[in-house]
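> So the protein sequences, as listed, match chains L and E.
Read in order, the letters of the first sequence are residues 1 to 342 in this note's numbering.
Read in order, the letters of the second sequence are residues 1001 to 1271 in this note's numbering.
Cβ atoms here follow ideal geometry from the backbone N, Cα and C, with glycine treated the same way.
Would you mind keeping the following structure in view while I ask a few things?
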Amino acid sequence: MTITNESDKEINSNWAVEARGLVKTFADNRAVDGVDMNVRTGTIYGVLGPNGAGKTTTIRMLSTLLKPDAGSARIFGHDIVREPHIVRQLIGVTGQYASVDETLSATENLIIFSRLLGLSRVEAKRKATDLLEEFGLTEAAKRPLKKFSGGMRRRLDLAASLIAQPPLIFLDEPTTGLDPRTRSQMWDTIRRLVKSGSTILLTTQYLDEADQLADRIAVIDRGRVIVEGTVDGLKASVGTSSLQLSIQNDKDILRACLLVENVLGVPTIMSPETRKITAPMANADLVTDLLLSLREAGIGLKEISVQRPTLDEVFLTITGHGVEPSKSNPLIGNHHEEAIQA
Amino acid sequence: MINELITPGADRQLKNHTSLGQIVRNTFTMAYRGLLKIRRTPEQLFDVTLQPIIFTLMFTYIFGGAISGNVHNYLPVIIPGILVQTVITTSIVTGVQLREDMDKGVFDRFKSLPIARIAPLSGALLADTVRYTIATLLTFSMGYIMGYRPEGGIGHVALAGILVIVCSWAISWIFAFFGVIARTASSVQGISMLVLFPLTFLSNAYVPVNTMPSWLQWFVNVNPVSHLVTAVRDLANTGTIGNDLLISLMGAAAIVVIFIPLTVRAYMHRT
């Protein structure tokens, strides 16, 4: 008995989210079409995909807001359908659109959520003050939310999700529509949350956001996970990195080019205007030889860099159709249009 | 505080149900939210303040002479009638506002919190009893100004007021149900008015029943609104408690028993 419990605990503490074959259908649109997902405790997991890919629907199922039509999922070992009340005690949800009360002030919002979560009047007030301070909203605390900017609303929304200090936090497109400065503030907050022991599952359409934050990402398209892995792994699977050399002197560029092709044994791309040579870097070890050869030949380098494939390229390679903007009808997306054409 | 270490999910002791105590606490917190909203937007109290004043004035002076010979004699008949009609009509707003509220993002958060499922509904409905209280006080005050002196005494008048508020709270669960299942706020208003209009007017609220055709008398006599009006008249005018009070309370209880589970279930299924 004790042994079973121990091993159960082992499993539970390893995985914050385990989803198997989640399906959700709206009318004739299979919004989520068999999503599998494993999120390790204490990590940031990025769900990346275009509008209408099924990201929000997946999060809504995992956070007990929607019942899955098929499949199952467990949060820290607790089934989302059979034990929804327990799951809700383990999660914080910050939606795509701020889920706070527009007519009330920031303080009132936080106090009501705190009271609902079982804090006493005094504790609730203190919690609200602390969170507003933490998220830089103290000055706006008494203003009605109607006068809040998008960034302030988003911060308050996240603050509200943190009242119970949930071990798992869902962030649905946390930075969509935010300006670059607010966006990087949000990133800092997310990183600090993970340091304090939280697990974060975030969705994003921004490839660089997943690149910046996520330990692992799942690329989701048309309701399916089409690829899953570490950010580096995904990039590597798409292709090799490329080596870029900037030459100091114009007249050396042809010689340098030949030298690179000789040493690395690969074709190069040369752009005389910028004095740049680009070559695929299959074997990093050979670069040492190349640099020595360049020195021997007396060719001066201005800059050297290694360019890894961007996530945009990753997405393009995997889906074959790139990220198509479908802002006009995010729920139905481009799936439908193609079905009609076919 | 964000840097404080959090308790790992696997190490937490958790229960998969809400206790009765939590349901009550959550309901009161939600009612507090409702009161804050009323305080922030006092203009939504226009209907409960103006309707009792206008209706009381209008109907008393229109019907008074015709039905009771003069306005003064009509007051003991009309004031309980107006009171019941006004306060029940006010409870429609509960359903309409619930519909508008539910479309907002904050209801997603309520659903994702480990709170009693019923709390967002029961809290809103509890907060709205404040509106019924305002309407009740204003109707009695208007009556007093016009010369109504209920012989049951202040205690029985207060009891009558509480009876109307309790029954309206029960009835508001019907409109809350409409609010949860309807698609738009205006359709809630439409359906509710359609139900309520015949119920309040085909009653003994304004006119003595014996002046009506017999087939209508049958309906008026079984209409629960008539029983409530009679119960209020008994309490306020003579200070007596009769069968009608019992029937009214039983009716209210029946509504609550049927519509609370219906409404909560519909609310849970709605996404």
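Is the stretch 14–25 of chain L close to the stretch 119–132 of chain L, with three or more CB pairs under 8 Å?
no
> Are the C-beta atoms of Pro1008 of chain E and some chain L residue less than 8 Å apart?
Using beta-carbon distances, Pro1008 of chain E counts as an interface residue toward chain L, with a partner under 8 Å.
> Closer than 8 Å, CB to CB, is Tyr1289 of chain E near chain L or not?
Absent from the model: residue 1289 of chain E. The displayed extent of chain E is 1001 to 1271, so no value can be given.
> Using a C-beta cutoff of 8 Å, does Ala16 of chain L count as contacting chain E?
yes
> Report yes or no: is there a C-beta of chain E within less than 8 Å of the C-beta of Gly95 of chain L?
yes
> In this structure, how does DSSP classify Phe1107 of chain E when only helix, strand and coil are distinguished?
helix
> Please compile the residues from chain L whose C-beta is within a distance smaller than 7 Å of the C-beta of Asp1108 of chain E.
Leu65, Gly95, Ser99
> Can you list, in chain order, the residues of its chain whose CB lies under 7 Å from that of Ala1176 of chain E, leaving out five sequence neighbours each side?
Thr1094, Gly1095, Leu1098, Leu1121, Leu1125, Thr1263
> Give a yes or no on whether the minimum CB-CB distance between Tyr1032 of chain E and chain L is below 8 Å.
yes
> Using the Cβ count rule (16 or more neighbours within 10 Å means buried), how would you classify Ala27 of chain L?
exposed
> At the level of alpha carbons, what is the spacing between Asn329 of chain L and Ser99 of chain L?
Its pLDDT being 37, under 50, Asn329 of chain L is placed unreliably by the model, and the measurement read from it follows with that caveat. Cα to Cα, the separation comes out at about 22 Å.
> Give the residues from the stretch 1010–1026 of chain E that approach chain L closer than 8 Å (Cβ to any Cβ), ordered along the chain.
Ala1010, Asp1011, Arg1012, Leu1014, Lys1015, Asn1016, His1017, Thr1018, Gln1022, Arg1025, Asn1026
> Could you tell me how far apart the beta carbons of Arg1131 of chain E and Thr1090 of chain E are, in whole angstroms, since I believe they sit closer than 8 Å?
5 Å
> Could you tell me the distance, in whole angstroms, from the CA atom of Ala1252 of chain E to the CA atom of Asp1244 of chain E?
12 Å
> Return the residue from the list E:Val1024, E:Pro1080, E:Ile1082, E:Ile1134 that minimises the CA-CA distance to Pro1042 of chain E.
E:Ile1134
> Listed from N- to C-terminal order along the chain, which residues in the stretch 165–190 of chain L have their beta-carbon within a distance smaller than 9 Å of any beta-carbon of chain E?
Gln165, Pro166, Pro167, Leu168, Phe170, Thr189
> Since Arg1040 of chain E meets chain L, which of its residues come closer than 8 Å, beta carbon to beta carbon?
Thr103, Leu104, Pro144
> If distances are taken between C-alpha atoms only, which option among L:Glu303, L:Ile253, L:Ile217 comes closest to Tyr45 of chain L?
L:Ile217
> CB Met1193 of chain E to CB Ile1082 of chain E, shorter than 8 Å?
No, Cβ-Cβ distance for Met1193 of chain E and Ile1082 of chain E is not below 8 Å.
> Is there at least one Cβ from chain E nearer than 8 Å to Leu48 of chain L's Cβ?
Between Leu48 of chain L and chain E, the shortest Cβ-Cβ separation is not below 8 Å.
> Assuming Tyr1074 of chain E and Thr1060 of chain E make a contact with CB atoms under 8 Å, what is their CB distance in whole Å?
Right, their Cβ atoms sit about 6 Å apart.
> What residues from the stretch 22–53 of chain L come within 9 Å of chain E, judged by C-beta to C-beta, listed N to C?
Thr41, Gly42
> Does the beta-carbon of Trp1173 of chain E have 16 or more other beta-carbons within 10 angstroms, so that it is buried, or is it exposed?
buried
> Could you check whether the Cβ of Leu1036 of chain E sits closer than 8 Å to any Cβ belonging to chain L?
Residue contact with chain L for Leu1036 of chain E: present (Cβ-Cβ distance below 8 Å to some residue of chain L).
> Kindly indicate which three-state DSSP category Arg1270 of chain E falls into: helix, strand or coil?
Here Arg1270 of chain E sits in coil by DSSP.
> Given that Leu1113 of chain E touches chain L, what residues does it touch there, using C-beta distances under 8 Å?
Leu1113 of chain E reaches chain L at Arg88, Phe113, Leu116, Leu117, counting residues in chain order whose Cβ is nearer than 8 Å.
> For Ser105 of chain L, which residues does DSSP report across the bridge?
DSSP output for Ser105 of chain L lists L:Pro144 as bridge partner(s).
> Just to confirm, are Leu119 of chain L and Pro144 of chain L a CB contact at a threshold of 8 Å?
no
> Please decide whether Gly1296 of chain E counts as near chain L, where near means a Cβ-Cβ distance under 8 Å.
Residue 1296 of chain E falls outside the range modelled here, since chain E spans only 1001 to 1271, and no answer is possible.
> Could you tell me whether the Cβ of Thr1094 of chain E comes closer than 8 Å to any Cβ of chain L?
no
> Taking Val88 of chain L as the reference, give the member of E:Met1250, E:Thr1136, E:Ala1031, E:Leu1014 with the closest Cα.
Note that residue 88 of chain L corresponds to Arg in the displayed sequence, not to Val. Nearest C-alpha to Arg88 of chain L: E:Leu1014.
> Confirm, please, whether the CB-CB distance from Ile318 of chain L to Val227 of chain L is below 8 Å.
Annotated as proximal: Val227 of chain L and Ile318 of chain L, with beta-carbon spacing under 8 Å.
> Beta-carbon of Ala160 of chain L versus every beta-carbon of chain C: anything under 8 Å?
Looking for chain C here will not work: the only protein chains present are L and E.
> Between which residues of its own chain and Leu1228 of chain E is the CB-CB distance below 6 Å, once the five residues before and five after are set aside?
Val1084, Cys1167, Ser1248
> Could you tell me how far apart the beta carbons of Ser242 of chain L and Met281 of chain L are, in whole angstroms, since I believe they sit closer than 8 Å?
That pair is a contact at about 6 Å.
> Under 8 Å Cβ-Cβ, which residues of chain E neighbour Ser198 of chain L?
Ile1006
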